[in-house]
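Position one of the sequence shown corresponds to residue 7 (the UniProt record's numbering), numbered consecutively onward. Single-structure report; data block below.
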Amino acid sequence: VRFAGMTDTGKAAQEADVSGGGPLVVLENVNKYFGELHVLKDIDLTIHRGEVVVVIGPSGGGKSTLCRTINRLEPIDDGTIRIDGQPLPEDGKELAQLRADVGMVFQSFNLFAHKTILQNVTLGPTKVKKTPAAEAEKYAMELLERVGIASQAEKYPAQLSGGQQQRAAIARALAMRPKVMLFDEPTSALDPEMIKEVLDVMTNLAAEGMTMVVVTHEMGFARASANKVVFMADGQIVEENTPEEFFTNARSDRAKDFLSKIL
Ligand code: ADP
Ligand code: MG
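Set out below in structure tokens:
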């Protein structure tokens with residue numbers, strides 16, 4: 007299966023020229039407050055087509071908020087965010103389309119408990135994109151096959167393991183044929199033995215050229231799949247570098263201190 011939004015620029019192809027895909031998501035001077043709390047401070051970040059950006063940093067640093075601003079689950083107070091050159095829409099049909107273009111996978115799988123796995127995956131395409139049911143089901147089954155849980159299609163979320171539920175959540179996001187996928191600590195709620203099966207799905211997506219923003223503490227994934235590591239703390243991007251440079255040669259004391267605690 008080739009996913010919509012994929013390009014031929016996997017990590018290997020990009021090593022020569024990471025910007026080869028052209029900018030897809032561009033944040034400029036983004037600022038966000040929760041009341042008095044300044045949670046995003048002058049964020050400038052460009053995510054190129056086919057690029058995998060891993061965001062790491064201490065808890066409370068603004069990583070989740072950053073992800074949530076990109077599909078406008080959180081409005082911003084200042085600056086601009088553009089996807090494919092277009093500023094984020096504020097409401098209406100355009101906002102629904104944006105949410106389709108920007109797939110999101112959360113730590114808590116957020117599946118609909120009273121719908122089957124297959125229904126969870128077909129719901130967005132049939133309701134939001136008006137895809138005919140048969141076509142939506144066909145693509146959903148391809149995606150469930152792809153994430154390794156086609157045999158679970160008729161079950162309800164509670165009947166699946168955490169790893170299977172998270173893979174269903176990934177399939178659900180992919181069903182909308184997103185241009186970019188955001189993962190916010192997708193393996194943090196999983197038992198250790200289930201982490202790999204989810205990371206494997208993400209690794210394959212990355213290798214096939216999906217544009218991805220991944221908040222994670224899984225440094226193995228970052229080293230293997232990231233084109234760029236963004237280190238965030240206190241609402242700022244403190245460092246942005248290749249994984250090779252970041253893990254062997256972090257520049258800031260903040261990043262060195264963080265790495266010494268997690269590695
Ligand atoms: P991270 O994902 O890096 O742990 P978050 O983006 O979740 O960081 O949080 C950044 C800061 O914003 C934290 O201080 C957090 O408590 C605060 N925060 C997050 N969401 C809200 C909210 N809805 N209302 C108020 N404060 C929030
Ligand atoms: Mg978070």
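Glycine residues also receive a C-beta, built at the ideal position from the N, C-alpha and C atoms.
For residue j and residue i, the rounded distance between their alpha carbons
i	j	result
residue 243	residue 65	14 Å
residue 57	residue 131	25 Å
residue 1	residue 39	Because the chain here runs from 7 to 269, residue 1 falls outside it and cannot be looked at.
residue 106	residue 118	17 Å
residue 215	residue 208	11 Å
residue 247	residue 253	9 Å
residue 23	residue 227	Note on residue 23: pLDDT 46, under 50, position unreliable in the model; no value is reported.
residue 189	residue 217	11 Å
residue 240	residue 144	45 Å
residue 81	residue 73	11 Å
residue 186	residue 231	15 Å
residue 268	residue 97	40 Å
residue 159	residue 104	27 Å
residue 120	residue 90	35 Å
residue 136	residue 184	15 Å
Beta carbon of residue i nearer than 7 Å to that of residue j
i	j	result
residue 76	residue 108	yes
residue 36	residue 52	no
residue 198	residue 229	no
residue 45	residue 234	no
residue 191	residue 113	yes
residue 196	residue 168	yes
Per-residue burial, residue i [other beta carbons within 10 Å of its own, 16 or more giving buried]
i	result
residue 93	exposed
residue 41	exposed
residue 99	exposed
residue 27	buried
residue 30	buried
residue 164	exposed
residue 55	buried
Neighbourhood of residue i by C-beta, 6 Å cutoff - its chain only, sequence neighbours within 5 removed
i	result
residue 115	171, 172, 175
residue 101	95
residue 142	128, 131, 132
residue 177	127, 149, 150, 153
residue 48	35
residue 255	none
Contacts around residue i, its chain only, beta-carbon distance under 8 Å, and the 5 residues preceding and following it disregarded
i	result
residue 161	122, 123
residue 139	128, 132
residue 206	none
residue 156	147, 150
residue 223	62, 191, 194, 268
Cut-off 7 Å between Cβ atoms - residues of its own chain near residue i, not counting five sequence neighbours on either side
i	result
residue 69	61, 63, 221, 238
residue 21	For residue 21, the pLDDT reaches just 47, beneath the cut-off of 50, and the residue's location in the model is therefore unreliable, although a value from the coordinates is still provided. Same-chain partners within the cutoff: there are none.
residue 78	94, 101, 104
Segment contact, 8 Å Cβ cut-off, at least three pairs: the stretch 254 to 264 with the stretch 80 to 90: no
Taking three-plus beta-carbon pairs below 8 Å as touching, is the stretch 197 to 211 in contact with the stretch 135 to 150? no
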